[in-house]
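**Q**
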Amino acid sequence: MQGYKNVERVKPSGLELVDRLVGVQRVTKVTKGGRAFGFSAIVVVGDGNGVVGHGLGKSKDVSSAIAKAVEDAKKNLVRIPILEGTLPHEQKGKFGGAKVFIKPASPGTGVIAGGAVRAVLESVGVHDVLSKSQGSSNPHNAVKATFDALLQLRSAAAIAKQRGISLEKVFNG
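Just so it is clear: in the sequence shown, position 74 is 74 by UniProt numbering, and no numbers are missing.
1. Taking just the CA atoms, how far does E168 sit from A69?
2. Ends of the alpha helix (DSSP H) at P104?
3. Taking the Cβ atom as the reference point for each residue, do G110 and N141 lie within a distance shorter than 7 Å?
4. Report the option in I82, P104, E8 and D72 whose CA atom is closest to the CA atom of K92.
5. Which whole-angstrom value is the C-beta distance of G50 and I82, which I expect to be below 8 Å?
6. Smallest Cα separation from A98: which of G85, G115 and L87?
7. Given a cut-off of 7 Å, decide if V10 and L77 are closer than it, judged by their beta-carbon atoms.
8. May I ask you to list the residues that DSSP assigns as paired with K132?
9. Can we count S136 as close to the ligand SAM, meaning its CB is less than 6 Å from some heavy atom?
10. Comparing C-alpha positions only, which one of Q152, H89, S155 and S137 sits nearest to D128?
11. Could you compute how far the alpha carbon of I102 sits from the alpha carbon of S137?
12. Between the C-alpha atoms of K161 and S133, what's the straight-line distance to the nearest angstrom?
13. What first and last residue would you give for the alpha helix (DSSP H) that runs through L150?
14. Considering just the uninterrupted stretch of the alpha helix (DSSP H) at G115, what are its terminal residues?
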């Protein structure tokens, strides 16, 4: 979460967090005694009202990997500006080979997104959004690219405060 301006970290206490499983991978470690199987799980948690976090958990069995991922996700919760069920403006995000483009949509559009991007946007609480995922479809990188885009979003009020001008002046110049 470093490298982003005005990112508001959130404490998990007192929030009704819902976790969404993005993906579970079975990983294999080959040793002289044969193959040792493990699992890694990527999870997104959110309250559906602008607070979201993601986490990765690894374990020998699936359920504890998911539990570890949820705990990890609760450690890095951030607040995302939401404007009437959609985003304040369009934004591109990038992580590794994954690129994500998110764009606000009119009410009634729904969440037009696939896989990992959809899980993140629904956890944030965005109801109307258009998105395009390009490049890598790796769920780890897609989630992080979506977070990259979301963390760059700024509300009009935040921009007005930062520039020290009125809200009308932001829109009317």
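Yeah, the Cβ is synthetic: ideal placement off N, Cα and C, and Gly gets one too. Quick caveat: nothing in here was measured; it's all calculated off a predicted structure.
**A** This is what the structure holds:
1. For this step, residue 69 is matched to residue 69 along the sequence shown. For this step, residue 168 is matched to residue 168 along the sequence shown. If you draw a straight line from the Cα of A69 to the Cα of E168, it comes to about 43 Å.
2. For the purposes of this step, residue 104 is taken as the residue at position 104 of the sequence shown. That residue, P104, is in no alpha helix (DSSP H); its beta strand (DSSP E) goes A98 to P104.
3. Within the sequence shown, numbered from 1, the residue matching residue 110 stands at position 110. Within the sequence shown, numbered from 1, the residue matching residue 141 stands at position 141. No.
4. By 1-based counting over the sequence shown, the position of residue 92 is 92. Checking every option, the nearest Cα to that of K92 belongs to P104.
5. Taking the first residue of the sequence shown as 1, we reach residue 50 at position 50. Taking the first residue of the sequence shown as 1, we reach residue 82 at position 82. Rounded to the nearest angstrom, the Cβ distance from G50 to I82 is 5 Å, consistent with a contact under 8 Å.
6. By one-based count along the sequence shown, residue 98 stands at place 98. Nearest C-alpha to A98: G115.
7. Here the question's residue 77 lines up with position 77 in the sequence shown. Here the question's residue 10 lines up with position 10 in the sequence shown. Contact check for L77 against V10 passes: the beta carbons are separated by less than 7 Å.
8. Locating residue 132 in the sequence shown gives position 132, counting from the first residue. K132 pairs with F101.
9. For the structure depicted, the ligand SAM is absent and the ligand set is empty, with no information on it obtainable.
10. Taking the sequence shown and counting its residues from 1, one reaches residue 128 at position 128. Residue H89 is the option with its Cα nearest to D128.
11. Looking up residue 102 in the sequence shown gives position 102. Looking up residue 137 in the sequence shown gives position 137. Approximately 16 Å between the Cα atoms of the pair.
12. Start at 1 with the first residue of the sequence shown, and residue 161 comes out as number 161. Start at 1 with the first residue of the sequence shown, and residue 133 comes out as number 133. Roughly 32 Å separates the two Cα atoms.
13. Taking the sequence shown and counting its residues from 1, one reaches residue 150 at position 150. Segment P139 to Q152, the alpha helix (DSSP H) holding L150.
14. Position 115 of the sequence shown, counted from the start, is the residue given in the question as residue 115. Start and end: G115 to V124.
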